[in-house]
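Residue numbers (our numbering), protein chains in the order written: chain Y, -13 to 302; chain S, 11 to 355.
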């Protein structure tokens, strides 16, 4: 798959079909990959595909000028489609190099499973139905679903539907929502009072680094409401109340655009379980509007489109 | 001066004793993230931690958010009330040498360049107790930045793991005074000193990430206008604030007033040069483009700070590498700065 990707990416640049390639290259730490954004055809030799290509690369599309060949897992492709729906990028400017995704390995889960820091692990290998971790000279096996990100366990589209070049055998979706939604279900079983206290605690440690927003392809506003000063919707200080308002409003703003790619939660340096909010919103959007973002580029964007017959239900 | 030692089992007792005089802070994950927190009187699990805290201990002196004063509109202008002073001085336990050096670097700005009462009131009364790293991380590069993972001159007391005990070094007069009033410590033997020496070297050798900073100030100066270079370096940056806010030497802050009817509060809170709004002014923004902001961050640490204080404002703690959502790696960037004799036109 990697070889094919490198050839195709190189050809796209050589034949001047794109100005940029966005993909992944090996990261500087163990078990990491890092985004590669390049115009140089020689760089395509470094492109990789592995279970650590965690970033949603669609995030870079709105900041780049020119035609782009982009490596896309299923979730990335949904974000790209959502950006097309919102007219943020033009389909003809993008060549989608589709990766049938096996799911991404969550290093935090691995650390908990083996009770070791990632630095102490010798190797992590992915096989079809298990993950093998080499640590202290021993091999430890775990079922796939113990090691993947929750949003990967819930994945409804491992292989992009919308693509130009397919890089491998398509994989059928096999979401296991009971496993992926455990944290959210537990939270839903609590009383509103307990939940309020829970979120107060979580948001107390937010430092307002805005990584959640900046890593989110759906957060494409030129000017975020938190930065407005007239009126000032929230204080820019990391007080839990303001942090909570920021996140709640962000969540509402990305409703119908969020593809449950899980980036907001993954990038949070202080471990706030943001997906518990975004996934719940994702499910509410589905329940109320039978809408899953990023599935159909011809579909009208949910929140900016209005059908006459909706009036009865929604505007009362 | 003979050093002391303390048995690992006696750390709880030691902290309890110090707790009578100080507000003791130690690494904790209780809040959901590894950070300094007021010690709960029992948990010493942090002694076995593999890695340093995510939130650097600078937060004890320059908190993410603090009240500067409250104000109230009176008949003749505003009445200003300073915030209540903390009752007890802080004792920070288990400060790593990289972070201790970082606080010495912060002192240059908050004490030498100007006197910042908010920072200094907390910093000057505090005691720093260092603890040597036994397992530096893959992202650590302290040894390239003049820091040794198990040695420090920037703390008041320094603890080094020598097996069943910690060797306790009295680094400053303040540290010495505290030790003279502390019970339960034993005299360290020559053997203990030898073990400590070995432990220092072992830790030092475990730091594998290396960075050559030779001539970096001049290289950056010559590359300042190399837009192509900086654009390439900045390409994958998503302009979040992780690497700056959680950097132990970054000190930028923003000031905001909150006014409700006739009363208000002035806050200061962490800010980041990575944010586009950081330099936003009514008419223009000199760092609208991402590459200019990334350049600012790199140059501030490796060029401007050395120009002003003759020291690089980076201690190799590796947080920025490890926590970065896109694995933007400062060591790779610094090594890729081109060597030039003249500025590129």
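Using N, Cα and C, we set each Cβ at its ideal position, and we do this for glycine too.
Under the three-state DSSP convention, the category residue 213/Y falls into: Against the first chain, residue 213/Y aligns to sequence position 227. If DSSP states are grouped into helix, strand and coil, residue 213/Y belongs with the helices.
Residues that residue 69/Y contacts on chain S, provided the C-beta gap is smaller than 9 Å: Looking up residue 69/Y in the first chain gives position 83. By Cβ distance, chain S contributes nothing, its closest Cβ being about 16 Å from residue 69/Y, past 9 Å.
DSSP beta-bridge partners of residue 39/Y: By 1-based counting over the first chain, the position of residue 39/Y is 53. DSSP output for residue 39/Y lists no bridge partner at all.
Rounded straight-line distance, which links the Cα of residue 56/S to that of residue 209/S: Counted from its first residue, the second chain places residue 209/S at position 199. Counted from its first residue, the second chain places residue 56/S at position 46. Spanning the two alpha carbons is a distance of roughly 19 Å.
In DSSP terms, what residue 280/S is bridged to: On the second chain, position 270 is the one that residue 280/S refers to. Its beta-bridge partners are 263/S.
Beta carbon proximity, residue 288/S to chain Y, threshold 8 Å: As a first step, residue 288/S is located in the second chain; it is residue number 278 there, counting from the start. By this cut-off, residue 288/S is not an interface position.
Contiguous beta strand (DSSP E) assignments of at least 3 residues, all confined to the region 113 to 170 of chain S: 137 to 141
Pair within 8 Å by beta-carbon distance, residue 191/Y and residue 40/Y: To locate residue 191/Y, count along the first chain from 1; it is residue 205. To locate residue 40/Y, count along the first chain from 1; it is residue 54. No, the Cβ-Cβ distance between residue 191/Y and residue 40/Y is not below 8 Å.
Beta-carbon spacing of residue 298/S, residue 82/S below 8 Å: In the second chain, the residue the question calls residue 298/S occupies position 288. In the second chain, the residue the question calls residue 82/S occupies position 72. Taking 8 Å as the Cβ cut-off, residue 298/S and residue 82/S do not qualify as a contacting pair.
Inter-residue CB distance, residue 95/S and residue 38/S (contact presumed, cutoff 8 Å): Mapped onto the second chain, residue 95/S falls at position 85. Mapped onto the second chain, residue 38/S falls at position 28. The Cβ separation is near 24 Å, so there is no contact.
Distance cut-off 7 Å: residue 115/S Cβ against heavy atoms of the ligand FAD: The ligand FAD is absent from the structure shown, which contains no ligand whatsoever.
Own chain residues within Cβ distance below 6 Å of residue 308/Y, not counting five before or after: The requested residue 308/Y is not part of the displayed model; chain Y covers only -13 to 302.
Exposure label - residue 182/Y; buried when at least 16 CB within 10 Å: Within the first chain, residue 182/Y is the residue found at index 196, counting from 1. Exposed is the call here.
Same chain, Cβ closer than 7 Å to residue 40/S, five either side skipped, listed in chain order: Here the question's residue 40/S lines up with position 30 in the second chain. Once the five neighbours on either side are set aside, the close Cβ partners of residue 40/S are 47.
Residue 249/S beta carbon less than 8 Å from that of residue 284/S: On the second chain, position 274 is the one that residue 284/S refers to. On the second chain, position 239 is the one that residue 249/S refers to. Against a cut-off of 8 Å, the Cβ pair of residue 249/S and residue 284/S comes out as a contact.
CA-to-CA distance, residue 146/Y to residue 66/Y, given in whole angstroms: Indexing the first chain from 1 puts residue 66/Y at position 80. Indexing the first chain from 1 puts residue 146/Y at position 160. One C-alpha to the other measures close to 10 Å.
Sub-8 Å separation of residue 15/Y and residue 337/S beta-carbons: For this step, residue 15/Y is matched to residue 29 along the first chain. For this step, residue 337/S is matched to residue 327 along the second chain. Yes, the pair counts as a contact, with Cβ atoms nearer than the cut-off.
Where the region 233 to 267 of chain Y meets chain S: residues whose CB sits under 7 Å from a CB there: Cβ contacts with chain S: 253, 255, 256, 257.
Pairwise C-alpha distance: residue 102/S and residue 32/S: Counting from one through the second chain, the residue named residue 32/S turns up at place 22. Counting from one through the second chain, the residue named residue 102/S turns up at place 92. The straight-line gap from Cα to Cα measures roughly 9 Å.
Min CB distance residue 13/Y to chain S below 8 Å: Indexing the first chain from 1 puts residue 13/Y at position 27. Judged by the 8 Å Cβ criterion, residue 13/Y is in contact with chain S.
Enclosing beta strand (DSSP E) for residue 17/S [first to last residue]: The sequence position of residue 17/S within the second chain is 7, counting from 1. Taken as a continuous stretch (DSSP letters only), the beta strand (DSSP E) holding residue 17/S covers 14 to 17.
Residue 289/S - DSSP class collapsed to helix/strand/coil: Counted from its first residue, the second chain places residue 289/S at position 279. Note: residue 289/S maps to helix in three-state DSSP.
Exposure label - residue 244/Y; buried when at least 16 CB within 10 Å: Along the first chain, one-based indexing puts residue 244/Y at 258. Buried: at least 16 other Cβ atoms inside 10 Å.
Within chain S, the residues that residue 200/Y reaches when beta carbons sit closer than 7 Å: Numbered from its first residue, the first chain carries residue 200/Y at position 214. Neighbours of residue 200/Y on chain S, chain order: 248, 249, 250.
One or two residues paired with residue 55/Y in a DSSP bridge: Residue 55/Y sits at position 69 when you count from the first residue of the first chain. Looking at the DSSP assignment, residue 55/Y forms a beta bridge with 7/Y, 81/Y.
Contacts around residue 237/Y, its chain only, beta-carbon distance under 7 Å, and the 5 residues preceding and following it disregarded: Start at 1 with the first residue of the first chain, and residue 237/Y comes out as number 251. Same-chain partners within the cutoff: 263, 264, 267.
Cβ neighbour criterion (16 or more within 10 Å) applied to residue 279/S: Taking the first residue of the second chain as 1, we reach residue 279/S at position 269. Buried is the call here.
Exposure label - residue 254/Y; buried when at least 16 CB within 10 Å: As a position in the first chain, residue 254/Y is number 268, starting the count at 1. It counts as buried.
Residues that residue 118/Y bridges to, as DSSP identifies them: Translated into positions along the first chain, residue 118/Y becomes position 132. 111/Y, 127/Y, per the DSSP bridge assignment.
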